[in-house]
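Using the numbering used here, read the sequence shown as starting at 34 and increasing by one per residue.
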Amino acid sequence: MKTQKAILVLALLTTSLFFFSCQKNELEETKQPENIMPERFKVDIPNSISSAGSYKSSQIDTLQGNDIYEHLRNFIAIGEAAADITGDIILTIALHNLSQPMEFSFTGDDDGRLKHVAIIAGASFEGEDWQYKMTITDEGPDENISDNKAIQVFWNKNPIKGIAILNPYNIDRNTDPDFAETIYRIDYSEAGDMGYEHHMIVAIDGLPMEDPITDPYGISTLKMFVGKNGDVVSVYGNSEHPNATFFSGDVGFDWAFVAAGKKSTDIGVAEVGLPSNTLNSDDRYTLLVENSIHNVFEDQIYAIWPWIDPETVEAYLYNTEAPGFFDHNGFVQGGTAPSPAYNSLLSVIAGLAPYNPLEVHELELSFN
Numbered sequence: 034m035k036t037q038k039a040i041l042v043l044a045l046l047t048t049s050l051f052f053f054s055c056q057k058n059e060l061e062e063t064k065q066p067e068n069i070m071p072e073r074f075k076v077d078i079p080n081s082i083s084s085a086g087s088y089k090s091s092q093i094d095t096l097q098g099n100d101i102y103e104h105l106r107n108f109i110a111i112g113e114a115a116a117d118i119t120g121d122i123i124l125t126i127a128l129h130n131l132s133q134p135m136e137f138s139f140t141g142d143d144d145g146r147l148k149h150v151a152i153i154a155g156a157s158f159e160g161e162d163w164q165y166k167m168t169i170t171d172e173g174p175d176e177n178i179s180d181n182k183a184i185q186v187f188w189n190k191n192p193i194k195g196i197a198i199l200n201p202y203n204i205d206r207n208t209d210p211d212f213a214e215t216i217y218r219i220d221y222s223e224a225g226d227m228g229y230e231h232h233m234i235v236a237i238d239g240l241p242m243e244d245p246i247t248d249p250y251g252i253s254t255l256k257m258f259v260g261k262n263g264d265v266v267s268v269y270g271n272s273e274h275p276n277a278t279f280f281s282g283d284v285g286f287d288w289a290f291v292a293a294g295k296k297s298t299d300i301g302v303a304e305v306g307l308p309s310n311t312l313n314s315d316d317r318y319t320l321l322v323e324n325s326i327h328n329v330f331e332d333q334i335y336a337i338w339p340w341i342d343p344e345t346v347e348a349y350l351y352n353t354e355a356p357g358f359f360d361h362n363g364f365v366q367g368g369t370a371p372s373p374a375y376n377s378l379l380s381v382i383a384g385l386a387p388y389n390p391l392e393v394h395e396l397e398l399s400f401n
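Below you can see the structure in the form of structure tokens.
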């Protein structure tokens, strides 16, 4: 987890810097009043359900339901950080007031390697037509253009809608080579489709796994949807953890989740299931009820210790009850809402369902 967070922060820093090393004269010569770049490319998630802060490190035999919920906030934050990277890149490019398609090269400030930028009008990707397409490629130490794509963005200007694909290793070759196959993808829309004023779908594939003894809950793949209507942000998705284990020794789980939060009050509600990371189901009941934290933990505890006192088990599982409630400080409690302020969010998550764990397990992202 430490490495995964570090690379997201690193990519954010490097991408926000290297565009300023472009050949500025070329950009200024083509500057026009109308900027072709989109002004936004992400949906902000309330801190109550997304936090990149530290969480309590728990031994496997003492992991409790509240730890599962706190882990969830960090997993959502990893997805949000990937969207932050994308938004930062696009904003930085937009600051140059690019007004028309163009092509140029520049040297990256951090890795000293030549990068090639090509912006064209009119492109097709995944059966959809786009107004613009931008591709940034790592060319290496010389001028031989390779196929080392770093960033690719397809977008429409009005309403804003687009797809961004990133590879952190080709953005900055100082990045750990373990991330050479890591790809982030953000689909963003303000077109009002999917029932939201604006939404994004964040997918991350190919994250390198740390030693399971050091980090048994490391993420290999993530896919989550974030939609915003008014003050309410809805989130659902899955993060895959192939090394995760709890009590029985079974290995490989999926954090299947639905969540909702309010930006104004920074409160949130989440429901989490722990199905196998290869379970083939998109049924909400199967993912979140049959495989609820409480049910998975209870089944595994009794499988290993069938003689254990039920009262002891229930006391241990106290905070595993669904849903989990959050405020700006993080997890509050499970099962019962702390106040009526959460009631509207309970209605929201009742209509949300995670993705199919098997489809997330088999997710493969690639450039055009």
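Heads up, the beta-carbon is just placed ideally off N, CA and C, and yes, glycines get one too.
Remember, it's a predicted structure, so these values are computed and weren't measured experimentally.
Selected residue, minimal CA-CA separation from residue i, among the options
| i | options | result |
| --- | --- | --- |
| V346 | N262, F330, R146 and N191 | F330 |
| R106 | D220, E172, V365 and G120 | V365 |
| M257 | V302, A289 and G160 | A289 |
| D264 | T278, H231, P275 and F286 | H231 |
| S372 | H394, D211 and G301 | G301 |
| A154 | N328, D162 and F108 | D162 |
| I204 | N313, Q185 and E397 | Q185 |
| Y375 | D143, E344 and D299 | D299 |
| A348 | P241, H327 and H361 | H327 |
| R206 | I198, G145 and R317 | G145 |
| I123 | F108, M70 and T168 | M70 |
| I78 | K261, I341 and D100 | K261 |
| S157 | N189, I193 and I82 | N189 |
Residue i to residue j span [Cα, whole Å]
| i | j | result |
| --- | --- | --- |
| K295 | G141 | 39 Å |
| K89 | N310 | With a pLDDT of 43 at K89, under the threshold of 50, the predicted position of this residue should be treated as unreliable, and no value is reported. |
| D94 | F280 | With a pLDDT of 38 at D94, under the threshold of 50, the predicted position of this residue should be treated as unreliable, and no value is reported. |
| P201 | N271 | 22 Å |
| N68 | D171 | 25 Å |
| S49 | V284 | Low local confidence applies: a pLDDT of 39 at S49 is under 50, so the model's placement there is unreliable, and no value is given. |
| Y217 | M233 | 13 Å |
| N352 | G225 | 37 Å |
| L208 | A336 | Per the sequence presented here, residue 208 reads as Thr, with Leu not at that position. Roughly 44 Å between the two C-alpha positions. |
| A85 | S297 | 20 Å |
| D248 | Y388 | 24 Å |
| T36 | N191 | Bear in mind that a pLDDT of 48 at T36, under 50, signals an unreliable position, so the number given afterwards is only what the model happens to contain. The alpha-carbon atoms of T36 and N191 are separated by roughly 38 Å. |
| P343 | G282 | 21 Å |
| S222 | W338 | 50 Å |
| V381 | V150 | 42 Å |
| G228 | G368 | 28 Å |
| S132 | G173 | 28 Å |
| G306 | F187 | 34 Å |
| L350 | P308 | 18 Å |
| F286 | V393 | 12 Å |
| A127 | D121 | 10 Å |
| T215 | F108 | 16 Å |
| L199 | I334 | 42 Å |
| D211 | K148 | 21 Å |
| I169 | H361 | 38 Å |
| P134 | E243 | 42 Å |
| M167 | N99 | 43 Å |
| K57 | F139 | For K57, the predicted structure reports a pLDDT of 41, less than 50, and the residue's modelled location is therefore unreliable. The matter cannot be settled from this model. |
Nearest-angstrom Cβ-Cβ length linking residue i and residue j, presumed shorter than 8 Å
| i | j | result |
| --- | --- | --- |
| A115 | I237 | 6 Å |
| G1 | F74 | Outside the shown range of the chain, which is 34 to 401, sits residue 1, and nothing can be said about it. |
| E72 | I219 | That pair is no contact at about 15 Å. |
| V268 | I82 | 6 Å |
Residue environment, residue i, which counts as buried when at least 16 other CB atoms sit within 10 Å
| i | result |
| --- | --- |
| N80 | buried |
| Y165 | buried |
| Y318 | exposed |
| L396 | buried |
| N313 | exposed |
| I341 | exposed |
| D180 | exposed |
| S87 | A caution first: S87 carries a pLDDT of 44, below 50, which makes its placement in the model unreliable, though a value can still be read off. By the 10 Å Cβ count, S87 comes out exposed. |
Residue j beta carbon less than 9 Å from that of residue i
| i | j | result |
| --- | --- | --- |
| G363 | E103 | yes |
| S377 | A355 | no |
| V235 | V266 | no |
| F400 | K182 | yes |
| L385 | A293 | yes |
| L391 | G239 | no |
| A303 | V322 | no |
| E273 | I252 | yes |
| A197 | T125 | no |
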